[in-house]
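Read left to right, the sequence shown gives residues 31 to 322 (the working numbering). Virtual Cβ for every residue (Gly too), placed ideally from N, Cα, C. This report refers to the structure that appears directly beneath it.
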Amino acid sequence: MFSGSLVAMVTPMREDGSIDRNAWTSLIDWHIQSGTSGLVVGGTTGESATLTDPELWQLTEHACEQARHRIAIVVGVGSSSTAATVERARRFSGLPVEGILVVTPAYNRPTQEGLYRHFAAAAQASSKPLILYNVPSRTAVDMLPATVARLSQLGRIGAVKEAVPGPERVRELLAACGPQLVVLSGDDATAREAILAGARGVISVTANVAPGAMAAMVAAAMRGDRESAARLDAPLAALHRDLFLEPNPIPVKWALAQAGRIEPGIRLPLTELSAACRPALLAALREAAALQ
Numbered sequence: 031m032f033s034g035s036l037v038a039m040v041t042p043m044r045e046d047g048s049i050d051r052n053a054w055t056s057l058i059d060w061h062i063q064s065g066t067s068g069l070v071v072g073g074t075t076g077e078s079a080t081l082t083d084p085e086l087w088q089l090t091e092h093a094c095e096q097a098r099h100r101i102a103i104v105v106g107v108g109s110s111s112t113a114a115t116v117e118r119a120r121r122f123s124g125l126p127v128e129g130i131l132v133v134t135p136a137y138n139r140p141t142q143e144g145l146y147r148h149f150a151a152a153a154q155a156s157s158k159p160l161i162l163y164n165v166p167s168r169t170a171v172d173m174l175p176a177t178v179a180r181l182s183q184l185g186r187i188g189a190v191k192e193a194v195p196g197p198e199r200v201r202e203l204l205a206a207c208g209p210q211l212v213v214l215s216g217d218d219a220t221a222r223e224a225i226l227a228g229a230r231g232v233i234s235v236t237a238n239v240a241p242g243a244m245a246a247m248v249a250a251a252m253r254g255d256r257e258s259a260a261r262l263d264a265p266l267a268a269l270h271r272d273l274f275l276e277p278n279p280i281p282v283k284w285a286l287a288q289a290g291r292i293e294p295g296i297r298l299p300l301t302e303l304s305a306a307c308r309p310a311l312l313a314a315l316r317e318a319a320a321l322q
C-alpha cells in the first residue's frame with residue numbers, strides 16, 4: 031500500500047490565500063496520469079500549520095472522491111497536542127483514505143517515551159494504518175529507531191516516513207524493526223540511496239513538479255537498478271537541492287506557479303520566493319524539464 035513515489039501535495043491557493051479547488055482537481059489528475067503512487071494531503075508541504083480542520087476535511091474528501099482508489103490517499107493529522115492528534119486521527123480515519131500521517135510533535139520536544147505514548151495513542155484511535163513521520167529539522171525532536179521499533183509492534187503502524195538524510199538511518203530502522211514496517215524516505219536528495227538501502231519509496235517534494243521523473247527514478251531504485259536510478263536522478267539533483275533554497279513549501283509553490291499549474295498563493299507567515307532565489311530554481315526546473 032505504501033510504496034513508490036508518493037507526493038507531499040502542495041495546497042493550491044489563490045493570491046488571497048483561499049483554496050483553489052479547480053487547481054486541486056487538476057493536480058490530482060496530473061499525478062494519477064504521471065504514475066505517482068500516493069497523495070499526502072495536509073502534510074508540511076501542504077501548509078498543514080495554516081489549514082483549518084474543515085479545509086483539511088474538504089481537501090481530503092475531494093481527493094478520495096476524485097481518486098476513486100486509483101491512487102493511495104494519506105492525510106496528515108499530526109499536531110503538538112496528543113489530545114488533538116488523537117481526536118483528528120479518530121475522525122479523519124473515517125474517510126476512505128489508505129493511511130494517516132502523524133508527525134512528531136513540534137516545539138514541546140518530548141522524550142522518546144513521550145513520543146512512544148503520543149503515537150501509541152494516535153494508533154489506538156485510528157481505524158486506518160498510521161505513517162509515523164520523523165522530521166527533526168522541522169520539529170526539533172528526533173524519533174530514534176529504537177522508539178520506532180517499539181511502535182512497530184503495535185497494531186495499525188503501517189510505515190515510517192524518515193526525513194533524516196541518507197541511507198544509514200534507513201539501515202538502522204530496518205535492523206531495529208525488521209520487514210514488518212515499511213520505511214519511506216522523506217528526503218528527496220538522498221531518496222535514491224535510501225531506497226537502494228531498503229526503503230520502499232519516498233514521500234517527495236520534488237514529485238510536485240516532476241512527478242513522472244520521480245516515479246521512474248523510484249521504480250528503478252526499487253528494482254535495484256543502480257545505474258538506471260542514478261541516470262534518472264541526475265537531472266533532478268538540482269531540484270532536490272533548490273526546492274529548499276527557502277523553507278518548504280515556498281520554492282515548490284513558486285515553481286508550480288511558474289509551470290502554470292497553480293496561482294502564486296501562499297499563507298502567512300510564509301511569503302513568496304525571494305527574487306534572489308528565482309534564477310537558480312528556474313535553471314533547476316529547466317534541467318529537469320519541469321516547465322510547460
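If I'm right that A267 touches A259 with Cβ under 8 Å, what's the distance once you round it to whole angstroms? Mapped onto the sequence shown, residue 267 falls at position 237. Mapped onto the sequence shown, residue 259 falls at position 229. With a contact defined as Cβ atoms closer than 8 Å, A267 and A259 miss out at about 12 Å.
Whole-number beta carbon distance between A102 and G65, since they are thought to touch under 8 Å: Counting from one through the sequence shown, the residue named residue 65 turns up at place 35. Counting from one through the sequence shown, the residue named residue 102 turns up at place 72. Their Cβ separation, rounded to whole angstroms, is 13 Å, which puts G65 and A102 out of contact at 8 Å.
State the Cα-Cα distance for the pair T271 and H99, rounded to the nearest angstrom. By one-based count along the sequence shown, residue 271 stands at place 241. By one-based count along the sequence shown, residue 99 stands at place 69. For the sequence presented, residue 271 should be read as Arg rather than Thr. Their Cα atoms are separated by approximately 32 Å.
If you draw a straight line from the alpha carbon of L160 to that of S215, how long is it in whole angstroms? As a first step, residue 160 is located in the sequence shown; it is residue number 130 there, counting from the start. As a first step, residue 215 is located in the sequence shown; it is residue number 185 there, counting from the start. L160 and S215 have their C-alpha atoms roughly 16 Å apart.
From the DSSP output, in three-state form, read off L321 for me. Taking the first residue of the sequence shown as position 1, residue 321 is located at position 291. Correct three-state label for L321: coil.
Which same chain residues, not among the five before or five after D255, have their C-beta less than 6 Å away from its C-beta? Reading the sequence shown from its first residue, position 225 is the one you call residue 255. When the five nearest sequence neighbours on each side are left out, no beta carbon in the same chain lies closer than 6 Å to the beta carbon of D255.
Given 8 Å, three or more beta-carbon pairs between the region 175-182 and the region 86-99: no
Tell me the rounded alpha-carbon separation between T112 and R316. As a position in the sequence shown, residue 112 is number 82, starting the count at 1. As a position in the sequence shown, residue 316 is number 286, starting the count at 1. Each residue's Cα considered, the two are about 43 Å apart.
Inside the region 188-216 only - alpha helix (DSSP H) runs reaching at least 4 residues: At a cut-off of 4 residues, the continuous stretches assigned as alpha helix (DSSP H) that sit fully inside the region 188-216 are 197-207.
If you drop the 5 nearest sequence neighbours on each side, which residues of the same chain put their C-beta closer than 7 Å to that of L275? Position 245 of the sequence shown, counted from the start, is the residue given in the question as residue 275. Answer for L275: P281, C307, A310 and L311, listed in chain order.
For N164, list the residues DSSP reports as bridge partners. Translated into positions along the sequence shown, residue 164 becomes position 134. As DSSP reads the structure, N164 sits in a beta bridge with E192.
Check for me: the beta strand (DSSP E) holding S234 runs from which residue to which? Residue 234 sits at position 204 when you count from the first residue of the sequence shown. Run containing S234: G231 to S234, per the beta strand (DSSP E) assignment.
Through-space distance from E257 to A205, alpha-carbon basis: For the purposes of this step, residue 205 is taken as the residue at position 175 of the sequence shown. For the purposes of this step, residue 257 is taken as the residue at position 227 of the sequence shown. Just so you know, the alpha carbons of A205 and E257 end up roughly 26 Å apart.
Work out the CA separation of R147 and A320 for me, nearest whole Å. Walking along the sequence shown from the start, residue 320 turns up at place 290. Walking along the sequence shown from the start, residue 147 turns up at place 117. Going from the Cα of A320 to the Cα of R147 covers about 42 Å.
Of the residues R291, L81, W284 and I187, which one's Cα is nearest the Cα of A314? Counted from its first residue, the sequence shown places residue 314 at position 284. The residue with the shortest Cα to Cα distance from A314 is W284.
I'd like the list of long-range same chain contacts for R261, defined as Cβ closer than 6 Å, with 5 residues on each side in sequence excluded. Position 231 of the sequence shown, counted from the first residue, corresponds to residue 261. For R261, where only same-chain residues beyond five positions count, there are no Cβ hits under 6 Å.
Go through the region 220-277 residue by residue and report every complete run of the alpha helix (DSSP H) that reaches 4 residues or more, in order. 241-252, 256-263 and 267-272
Three-state secondary structure (DSSP) of A310: In the sequence shown, the residue the question calls residue 310 occupies position 280. In this structure, A310 counts as helix in the three-state DSSP scheme.
Test item: CB-CB of V213 and G188 under 8 Å: Counted from its first residue, the sequence shown places residue 213 at position 183. Counted from its first residue, the sequence shown places residue 188 at position 158. No, these two residues do not count as a Cβ contact at 8 Å.
When you measure from the CB of A193 to every non-hydrogen atom of the ligand ADP, does any distance come out below 7 Å? As far as ligands go, the structure on display features none, and thus does not contain the ligand ADP.
For A73, collect the residues of the same chain with a Cβ closer than 7 Å to its Cβ; drop the 5 residues on either side in sequence, then sort them by chain order. Here residue 73 corresponds to residue number 43 of the sequence shown, with the count starting at 1. In the sequence on display, residue 73 carries Gly and not Ala. A38, G106 and L131, listed in sequence order.
Quick check on the burial criterion: 16 or more other C-beta atoms within 10 angstroms. Buried or exposed for Q183? As a working note, residue 183 is residue 153 in the sequence shown. A residue is called buried once 16 or more other Cβ atoms fall within 10 Å of its Cβ, and Q183, having fewer, is exposed.
I'd like to know whether the C-beta atoms of A224 and S234 end up nearer to each other than 8 Å. For the purposes of this step, residue 224 is taken as residue 194 along the sequence shown, with counting starting at 1. For the purposes of this step, residue 234 is taken as residue 204 along the sequence shown, with counting starting at 1. In terms of Cβ geometry, A224 and S234 do not form a close pair [threshold 8 Å].
Between which two residues does the alpha helix (DSSP H) holding L69 run? Within the sequence shown, residue 69 is the residue found at index 39, counting from 1. Not the alpha helix (DSSP H): L69 falls in the beta strand (DSSP E), residues G68 to V71.
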